[in-house]
Amino acid sequence: MKTERILIINFVTVLTICLFLGASANAADPGQSFWSLNVGNFWTYSGNYTEEVRPKGTSPCSTTQFKVEGIKNGIAWETTCLESSLTDLKLCRLEFYYSGLGQFVKIVPSPPLYTCFKIFKNPITGTWTENFLVDVTIGPLPTIYAQTLTSTITVIGQEDVTIPLGTFYAYKLHAVQSVTVPVYGTITKDEYGWFVPYLGIVKVEEGGDSKELISLKIKKEIADFDGDGSSDLAGLTSGENIYYTPDLQTWTQIPVVLSELAE
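In structure tokens form, the structure reads like this:
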């Protein structure tokens, strides 16, 4: 993924340990619904739950949020704080490097929302566009308040998508988000994602780059399968502000580049 693109669509939903344990019985049975929920997400699972995890670093996200982070050369170039439920996804904070300006950019919702705003919702059909007020900070410059971020989501349809974890029956989405900042112009993100209800985004394609979900433990890892060296993406659950990353030694058998979260 190009570092100047803003990654807003959710890659992972918050999943608890008990849900993972409860899913194991269904996971091995092709054609069985995920967690026995009648939401249309039938799948074949080919992974395991043996990844080790350990505490790692800190996060700007609160204890009710989880983080999607892009790493390049050991440095966090993208951080997205999100909240999710079974019916919607909320964006709470964005930090990313935008090469067009040669600066890091931070975007947070403006008051009175301030904490989070919804960018994805049910029913999963049709096209919807929503505008939100955000505060934008570019590098060391003063914050630019109350700018309009526009999010347009189009549901293309449902189809099978195969990733390392198996085959999922997912919704294919086209998402475009943009914000225009005075003097600096418009920053736009345009991508396709495959969304599995109750699980989240399992694959994303943008600008010729493709990222795929490869783990369903506490920690979920997105791998750089095309080997272009772009920012790998890592999504984590949050428990009392503790974040996790896998012991990378357990990933030696996987022929892809994996990232470790920066402190």
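Taking the working numbering as reference, the numbering of the sequence shown is continuous, increasing by one, and the terminal residue is 650.
Backbone N, C-alpha and C fix where the C-beta goes; we use that ideal spot for every residue, glycine too.
Source: prediction; values computed, not measured.
- Tell me, please, whether the stretch 549-556 touches the stretch 501-520 by the rule of three or more beta-carbon pairs shorter than 8 Å. no
- Looking only at its own chain, which residues have a Cβ that is under 6 Å from the Cβ of T530, when we skip the five neighbours before and after it? D522 and T524
- Task: State yes or no: is the C-beta of E470 within less than 7 Å of the C-beta of C448?
- Result: no
- If you drop the 5 nearest sequence neighbours on each side, which residues of the same chain put their C-beta closer than 7 Å to that of H561? T541, I543 and Y579
- Item | C-beta contact flag for V495 and Y485 at 7 Å | no
- Could one say the Cβ of Y579 lies closer than 7 Å to chain C's Cβ atoms, at least one of them? Included in the structure is just one protein chain, with no chain C present.
- Query: Since V548 is in the beta strand (DSSP E), which residue starts that stretch and which ends it?
  - Reply: I531 to I550
- Message: Would T537 and S497 qualify as a contact pair, given that the criterion is a beta-carbon distance under 7 Å?
- Response: no
- So what does DSSP say about R511, is it helix, strand or coil? First, the amino acid is wrong: residue 511 is Ile here, not Arg. Reduced to three states, the DSSP call for I511 is coil.
- Message: Between which two residues does the beta strand (DSSP E) holding S565 run?
- Response: G553 to V568
- Item | Counted within 10 angstroms of its Cβ, other Cβ atoms place W515 as buried (16 or more) or exposed | exposed
- Task: Compute the beta-carbon to beta-carbon distance between L478 and I506, rounded to the nearest angstrom, for a pair I have assumed lies under 8 Å.
- Result: 5 Å
- Determine the DSSP secondary structure at Y579, reduced to helix, strand or coil. strand
- Message: Determine whether the beta carbon atoms of D577 and V563 lie at a separation below 7 Å.
- Response: yes
- Task: Keeping to the same chain, check which residues put their C-beta closer than 7 Å to that of Y532; ignore five residues upstream and five downstream.
- Result: S497 and D522
- Message: Comparing C-alpha positions only, which one of T466, G572, G513 and P527 sits nearest to Q545?
- Response: G513
- Message: Only counting the same chain, and skipping five residues up and downstream in sequence, which positions put a Cβ closer than 7 Å to that of Q490?
- Response: I525 and G526
- How long is the line joining the alpha carbons of W464 and P510, rounded to whole angstroms? 33 Å
- Report the residue from V548, T575, L552 and D547 whose alpha carbon sits nearest the alpha carbon of T535. T575
- Item | Other residues of its chain near D547: CB distance less than 8 Å, five sequence neighbours each side excluded | T554, F555, Y556 and A557
- Message: Rounding to the nearest angstrom, what Cα-Cα distance links Y571 and T466 in this structure?
- Response: 21 Å
- Item | Nearest residue (CA-CA) to L552, options V583, T539, G487 and F483 | V583
- Could you check which residue in T573, L528 and C468 has the C-alpha nearest to that of G487? T573
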